[in-house]
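Residue numbers (our numbering), protein chains in the order written: chain Y, 97 to 326; chain R, 97 to 326.
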DNA sequence: ATCAGTGTTGACCAACTGGTCAAGATTTAT
DNA sequence: ATAAATCTTGACCAGTTGGTCAACACTGAT
């Protein structure tokens, strides 16, 4: 971290409280912001952008509304921050395509990760869905740039698999849509699924079962080699 | 038109205006209600329940807000009416399971119908999705009664196919979820799909292509007999 | 003509919303 | 200690919302 321990010790020790104080301040700020962001994610996902009120979010975070507006000047800024978070998480998961040249490996891994995200970040998924359903008033630029590029490059990869005879000739685009819709369904429609599950959230083994079924049907559905259709 | 012209002419002529006036009144009422309902469906699907304002709906229907409240006393009543509509449409489509004993026929037909609905009633699908994502505050009873019964009975049918070896042993529940999610995705995420389609809605042939791909992957995915996996 | 029932609407209101602000509390640096 | 910087918050405001209402218009029956 610091290159020269001896000479700059004083400097360091003098800086250390500074760092501490900074980190404390930053810590307070970071902590509060995190509280608010978590509360906001929950509220936005449950009520949508319009349905959510800054008062609800403030209550959820345990701070007065005025304090929320100290950290996040407007409701829209808060919302954007959350959208950014979600999108970066999704993009991270999408690297499975690059790390595996084998379609079975690549798709299995991708589906696994997307299912995991649906379980660990259901709020984010729902906020995204809400945004799209409202015509993406805030994230339209994402759709037209990052998402479009990502999609096209993965379509090319899938088409490559088809050309090499590794999977059946399906339309790569619709294969992607299927993976997106199915995996996100377990987050977006969790309430419906839970209700049909007797009112209880899926257990870990039930999640595993869901994941296996999704992978089985999709991989078999595209005739991916290495998968036995029993 | 009128059976006995001579004798009851007076009676008929006295009733006819009555019927006319009734049908005219009813016609006015029906027409206005329909206008408002259609506008409301659009607005609710785009902005969600909270985001939608009665003013927007009134504007969309081309009536003053006060007139809207003459026909529908509250925003919630209007919303319920629309939810009812959607649910009945979906239930109608779901009869494919009863009309076909062959899994390929039954599932193909069901998927076809659900895709058709996604194209013809995208607003309704989005409103449903919105409701579920908000924890189904209004339609929880539907989920726990009608939908649960419907789901269980179709699960039994699918399990029957498995027992008879007509399809692979998959979890019927997750097969249903997959069909629901994929087909509804084309309505709920239409904006995203359109954007990735160059900003234009899918053409009729593109819809057909989507439908074929969905059916192909799912039917092949469950090893439904009678489907060649080329 | 007149009356009753139905439909129409501008003006209005109480409740709520996102956001502000000034005054004070707390922490850090000197 | 004290000054500077950051954080906290009750009270407040202007704009918007769902819903009301009284006055008016229209239609058809007598």
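Ideal placement from N, C-alpha and C gives every residue a C-beta, glycine not left out. Owing to the predicted nature of the structure, the values given are computational and were not obtained by experimental measurement.
Here the segment 163-180 of chain R lies against the segment 133-143 of chain R, with 3 or more beta-carbon pairs under 8 angstroms apart. Only 264, 265, 266, 267, 269, 270, 271, 273, 274, 276, 277, 278, 280, 281, 282, 284, 285, 287, 288, 289 from the segment 260-290 of chain Y bring a Cβ to less than 8 angstroms from some Cβ of chain R. Only exposed fits residue 127(Y), as fewer than 16 other CB atoms lie within 10 angstroms of its CB. Distances from the alpha-carbon of residue 154(R) to those of 165(R), 283(R), 194(R), 123(R) put 165(R) closest. Of all alpha-carbon atoms in 266(Y), 268(Y), 259(Y), 231(Y), the one lying nearest the alpha-carbon of residue 290(R) is that of 231(Y).
The beta carbon of residue 134(Y) sits closer than 6 angstroms to no other beta carbon from its chain once the five residues preceding and following it are set aside.
Using a Cβ distance threshold of 8 angstroms, residue 284(R) and residue 244(R) do not count as a contacting pair. By the CB criterion at 8 angstroms, residue 200(R) and residue 130(R) fall outside the cutoff. Unbroken alpha helix (DSSP H) runs of no fewer than 4 residues, entirely contained in the segment 175-250 of chain R, are found at 192-195, 199-216, 218-229, following chain order. By the Cβ-count criterion, residue 260(Y) is exposed, with fewer than 16 other Cβ atoms from all chains shown falling within 10 Å of its own Cβ.
By the Cβ-count criterion, residue 242(Y) is exposed, with fewer than 16 other Cβ atoms from all chains shown falling within 10 Å of its own Cβ. The closest CA to that of residue 150(R), considering only 144(R), 249(R), 171(R), 211(R), is found on 171(R). Note that the C-beta distance between residue 239(R) and residue 288(Y) is below 8 angstroms. The contact set of residue 320(R) on chain Y, defined by CB atoms closer than 9 angstroms, is empty, because the minimum CB distance reaches about 10 angstroms. The beta carbon of residue 163(R) sits closer than 8 angstroms to the beta carbons of 128, 154 from its chain, once the five residues preceding and following it are set aside; these are given in chain order. 8 angstroms or more divides the Cβ of residue 310(R) from the Cβ of residue 213(R).
Taking all protein chains shown into account, residue 248(Y) has fewer than 16 neighbouring C-beta atoms within 10 Å of its C-beta and is therefore exposed. Note that the segment 270-284 of chain R touches the segment 275-282 of chain Y; at least 3 beta-carbon pairs, one per stretch, sit closer than 8 angstroms. Apart from the 5 residues on each side of it in sequence, residue 182(R) sits with its Cβ closer than 6 angstroms to the Cβ of 220, 224 in its chain, given in chain order. By the neighbour-count definition (other C-beta atoms within 10 Å, threshold 16), residue 188(R) is an exposed residue.
Listed by position along chain Y, the residues whose Cβ is nearer than 7 angstroms to that of residue 139(R) form an empty set, because the closest Cβ is around 11 angstroms away.
If you draw a straight line from the Cα of residue 251(R) to the Cα of residue 237(Y), it comes to about 42 angstroms.
Contact check for residue 266(Y) and residue 210(R): beta-carbon distance about 19 angstroms, past the 8 angstroms limit, so the pair fails to qualify.
Against chain Y, a Cβ distance below 8 angstroms from residue 222(R) picks out 229.
DSSP places residue 173(R) within a helical segment (H, G or I) once states are collapsed to three. When secondary structure is reduced to three states using DSSP, residue 320(Y) falls in the coil class, being assigned neither helix nor strand. Counting C-beta atoms within 10 angstroms of its own C-beta, residue 268(R) has 16 or more neighbours from the protein chains shown and is therefore classed as buried. In this structure, DSSP gives residue 293(Y) a state outside helix and strand, which the three-state scheme calls coil. Non-local beta-carbon contacts of residue 148(Y) in its own chain, meaning distances under 7 angstroms to residues more than five positions away in sequence, involve 139, 140 in chain order. The beta carbon of residue 132(Y) does not come within 8 angstroms of any beta carbon belonging to chain R, so the residue lies off that interface. At a cut-off of 8 angstroms between beta-carbon atoms, residue 196(Y) makes no contact with chain R.
Interface criterion not met: the Cβ of residue 157(R) is under 8 angstroms from no Cβ in chain Y. When only Cα atoms are considered, residue 297(Y) and residue 158(R) end up about 44 angstroms apart.
Interface flag for residue 298(Y) against chain R is unset, since no Cβ pair is found closer than 8 angstroms.
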